[in-house]
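Number of protein chains: 2
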Amino acid sequence: MHRIPAPARFNRKAGIRAESESTIIAAAEQVFATYGYRGASTSMIAEQAGVSKAMIYHYFETKELLYQIVLERTHNWWGEAAELLDKFSEPVEALTAYIHRKMDMSRENYYGSKVWASEVMQGAPILQGYLETEVREWTKKQIERIRSWVRAGKIEPVEPFYLLLMIWATTQHYADFEHQIATLNGGRPLDDEQHRAAKDTVTRIILKGIGASIKSRRSKRRAKS
Amino acid sequence: MHRIPAPARFNRKAGIRAESESTIIAAAEQVFATYGYRGASTSMIAEQAGVSKAMIYHYFETKELLYQIVLERTHNWWGEAAELLDKFSEPVEALTAYIHRKMDMSRENYYGSKVWASEVMQGAPILQGYLETEVREWTKKQIERIRSWVRAGKIEPVEPFYLLLMIWATTQHYADFEHQIATLNGGRPLDDEQHRAAKDTVTRIILKGIGASIKSRRSKRRAKS
DNA sequence: GTCTATACACTGATAGAC
DNA sequence: GTCTATCAGTGTATAGAC
Numbered sequence: 572m573h574r575i576p577a578p579a580r581f582n583r584k585a586g587i588r589a590e591s592e593s594t595i596i597a598a599a600e601q602v603f604a605t606y607g608y609r610g611a612s613t614s615m616i617a618e619q620a621g622v623s624k625a626m627i628y629h630y631f632e633t634k635e636l637l638y639q640i641v642l643e644r645t646h647n648w649w650g651e652a653a654e655l656l657d658k659f660s661e662p663v664e665a666l667t668a669y670i671h672r673k674m675d676m677s678r679e680n681y682y683g684s685k686v687w688a689s690e691v692m693q694g695a696p697i698l699q700g701y702l703e704t705e706v707r708e709w710t711k712k713q714i715e716r717i718r719s720w721v722r723a724g725k726i727e728p729v730e731p732f733y734l735l736l737m738i739w740a741t742t743q744h745y746a747d748f749e750h751q752i753a754t755l756n757g758g759r760p761l762d763d764e765q766h767r768a769a770k771d772t773v774t775r776i777i778l779k780g781i782g783a784s785i786k787s788r789r790s791k792r793r794a795k796s
Numbered sequence: 572m573h574r575i576p577a578p579a580r581f582n583r584k585a586g587i588r589a590e591s592e593s594t595i596i597a598a599a600e601q602v603f604a605t606y607g608y609r610g611a612s613t614s615m616i617a618e619q620a621g622v623s624k625a626m627i628y629h630y631f632e633t634k635e636l637l638y639q640i641v642l643e644r645t646h647n648w649w650g651e652a653a654e655l656l657d658k659f660s661e662p663v664e665a666l667t668a669y670i671h672r673k674m675d676m677s678r679e680n681y682y683g684s685k686v687w688a689s690e691v692m693q694g695a696p697i698l699q700g701y702l703e704t705e706v707r708e709w710t711k712k713q714i715e716r717i718r719s720w721v722r723a724g725k726i727e728p729v730e731p732f733y734l735l736l737m738i739w740a741t742t743q744h745y746a747d748f749e750h751q752i753a754t755l756n757g758g759r760p761l762d763d764e765q766h767r768a769a770k771d772t773v774t775r776i777i778l779k780g781i782g783a784s785i786k787s788r789r790s791k792r793r794a795k796s
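Going down the list, the protein sequences come from chains A and B. For the first sequence, my numbering assigns the number 572 to the initial residue and increments by one for each residue that follows. For the second sequence, my numbering assigns the number 572 to the initial residue and increments by one for each residue that follows.
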């Protein structure tokens with residue numbers, strides 16, 4: 572395809588297109604998160620986005636394509652957190668950074684997490700290939716890394732797979748079950764202080780639980796996100 | 572489309588009505604678990620149950636009523652695990668029994684857990700009343716109990732709410748994400764040995780993470796008054 | 001109790017005016 | 001780019017034969 576870098580004043584149409592697309596994607600993410608793929612209707616997405624239903628089909632060929640794009644976004648979004656785990660060589664730093672980031676992401680945008688959960692509960696018809704390749708490879712790699720920490724005596728013997736599942740489960744729970752958590756919290760979502768306490772509690776229990784508790788106190792507690 | 576395994580019949584020798592009803596309920600539980608309330612259709616439930624669609628409406632007035640019954644069953648089923656927590660006065664025994672039971676239940680019937688998760692992701696339109704009364708009261712009570720364990724020096728200081736959420740998240744993850752876990756496990760569900768290892772790992776990390784491991788129980792005793 | 005036939009709202013998707 | 005009108009199919013739910 573022949574792409575021409577156009578001047579800014581000729582990009583107005585492309586600007587409108589990009590804006591409409593992301594508005595629709597954001598709306599679709601919310602509706603898919605709430606009702607799942609089959610339960611979501613294009614009219615609901617259109618209404619949520621504030622556009623006519625025909626606009627959905629103007630920008631996206633089918634409902635399934637739109638769903639795939641939403642899933643792709645979520646997968647890329649979580650990929651960022653996954654990379655974090657590799658950026659630190661020590662278990663305490665790596666796990667702390669990973670857990671905190673995932674907790675923040677669960678709070679920042681819980682819709683993506685819900686769409687993923689819904690997709691997996693369906694049997695991952697769209698994500699299956701991705702699960703069997705990238706996610707599986709990443710998991711194997713992290714399992715080996717955790718094993719090396721055990722061999723180096725940095726953490727106590729632990730089954731790495733179930734440790735990883737525990738971290739995923741706990742951090743994503745704050746996204747997928749945000750409504751239940753808010754209800755039990757008196758009808759209000761966790762405030763900043765509660766969110767910080769939740770992150771600290773989760774991190775402390777896991778690190779201490781695998782014998783990797785923090786030895787030196789560091790005031791790395793800046794306001795994140 | 573994703574195929575659902577055949578339903579398990581709960582009744583052995585009961586009336587035709589009772590047997591048909593429980594067959595339909597079991598089928599409905601699977602379909603609701605897979606596609607959510609809106610995404611599930613009565614034809615799919617009928618096919619899964621091996622009866623005609625009209626039979627669904629013969630035994631259950633509406634799709635929503637059938638859904639409510641499925642949710643009610645799940646709620647009662649989990650209530651059994653909830654009671655377990657009160658049957659032991661010591662944190663190690665209570666939490667071990669509770670975690671093990673919830674892990675077993677997640678394996679025994681993950682459909683109920685999925686339906687609950689799906690309902691909550693919708694904003695709990697049906698379960699909201701339960702969440703605001705029974706679940707909230709139970710949670711408050713357990714929070715107080717955990718606080719008393721902290722005061723008695725039986726466990727280290729911990730925010731009880733986030734500990735409870737962690738236990739729920741982790742144990743239910745094995746139900747809600749069983750497909751993803753099986754995929755990462757080479758396409759096979761966790762076998763008996765792996766399930767046992769998962770239970771042990773989860774229990775050990777949590778107990779050790781709150782300073783309630785069996786070994787240190789006696790030495791952690793402190794004069795309180 | 002079980003089935004087929006059917007009413008009618010809603011679904012995904014398209015055509016065509018502007 | 002945006003809208004209304006529309007189609008074929010599926011959705012929930014009911015009626016009535018056997």
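Built from N, CA and C at the ideal position, the CB exists for glycine as well.
Assigned exposure category for residue i - 16 Cβ within 10 Å defines buried
i	result
D747/B	buried
P728/A	exposed
E654/A	exposed
R696/A	According to the sequence displayed, residue 696/A carries Pro and not Arg. Exposed is the call here.
G607/B	buried
G782/B	buried
I587/B	exposed
G621/A	exposed
E643/B	exposed
T667/B	buried
H744/A	buried
K673/A	buried
Interface residues of chain A facing residue i [CB-CB closer than 8 angstroms]
i	result
S689/B	G607, S689 and M692
G700/B	Those within 8 angstroms of G700/B in chain A number zero; the least Cβ separation is about 10 angstroms.
Amino acids of chain A, ordered along the chain, whose beta-carbon sits closer than 9 angstroms to that of residue i
i	result
R707/B	T754, L755 and G757
H744/B	L736, M737, W739, A740, T741, Q743 and H744
Where residue i meets chain A, residues with beta-carbon distance less than 7 angstroms
i	result
E703/B	T754
I781/B	I776
Where residue i meets chain B, residues with beta-carbon distance less than 9 angstroms
i	result
V663/A	Per Cβ cutoff of 9 angstroms: no residues; V663/A is ~14 angstroms from chain B at best.
V729/A	T772, R775 and I776
A589/A	Within 9 angstroms Cβ-Cβ: nothing; A589/A doesn't reach chain B, min ~29 angstroms.
K658/A	The premise fails here: K658/A is roughly 23 angstroms from chain B at the closest Cβ pair, so nothing lies under 9 angstroms.
Interface flag, residue i vs chain A, CB-CB below 8 angstroms
i	result
Y638/B	no
Q619/B	no
K791/B	A caution first: K791/B carries a pLDDT of 45, below 50, which makes its placement in the model unreliable, though a value can still be read off. It does not; no Cβ of chain A falls within 8 angstroms.
V648/B	Checking the displayed sequence, the identity of residue 648/B turns out to be Trp instead of Val. W648/B does not count as touching chain A.
H629/B	no
K673/B	no
H573/B	Per-residue confidence for H573/B stands at a pLDDT of 47, beneath the threshold of 50, marking its modelled position as unreliable; the derived number appears in the next sentence. True, the Cβ-Cβ gap to chain A drops below 8 angstroms.
R788/B	Note that R788/B has pLDDT 44, beneath the 50 cutoff, so the model's placement of it is unreliable and the number below is only indicative. So no, R788/B is outside the interface.
G610/B	yes
A604/B	yes
Pick from the options that is closest to residue i, judged by C-alpha positions
i	options	result
H671/A	F603/A, Q639/A and T772/A	T772/A
R775/B	A597/B, D762/B, P662/B and Y681/B	P662/B
E708/B	P731/A, E590/A, I714/A and G757/A	G757/A
F631/A	A599/A, Y606/A and V686/A	A599/A
T754/B	K712/A, L698/A and R588/A	L698/A
I605/B	T710/A, G610/A and S623/A	The question names Ile, but residue 605/B is Thr in the sequence shown. The candidate whose alpha carbon is nearest that of T605/B is G610/A.
N647/A	M676/A, L761/A and E730/A	M676/A
I777/A	A723/A, L761/A, T594/A and L734/A	L734/A
G700/A	A723/B, A740/B and Q751/B	Q751/B
F732/A	E703/B, K770/B and M615/B	K770/B
E651/B	V706/B, S689/B and I640/B	V706/B
H629/A	T645/A, A665/A, S591/A and M615/A	S591/A
Chain B contact for residue i (CB, 8 angstroms cutoff)
i	result
I616/A	no
T772/A	yes
Q751/A	yes
I776/A	yes
M737/A	yes
L734/A	yes
K634/A	no
K725/A	no
A769/A	yes
A695/A	yes
K540/A	Chain A is shown from 572 up to 796; residue 540/A falls before or after that span and cannot be answered.
Chain-ordered neighbours of residue i on chain B, where CB pairs are closer than 7 angstroms
i	result
K748/A	Looking at the sequence provided, one finds Phe at residue 748/A rather than Lys. The contacting residues are V691.
T741/A	M737, A740 and T741
Contact set between residue i and chain B, taken where Cβ atoms lie within less than 8 angstroms
i	result
K712/A	Ordered by position in chain B, no residue passes the 8 angstroms Cβ test against K712/A, which lies about 12 angstroms from the chain.
Check: residue i C-beta below 7 angstroms from any heavy atom of the ligand NAP
i	result
L755/B	This structure does not include the ligand NAP; it has no bound ligands of any sort.
Worksheet item: Which whole runs of the alpha helix (DSSP H) in the segment 597 to 652 of chain B are 4 residues long or more, in chain order?
Response: Here the runs fully enclosed are 613 to 620 and 624 to 630.
Fill in: Entirely enclosed alpha helix (DSSP H) segments - the segment 678 to 743 of chain A, minimum 4 residues
Counting only runs of 4 or more, we get 681 to 692 and 707 to 722.
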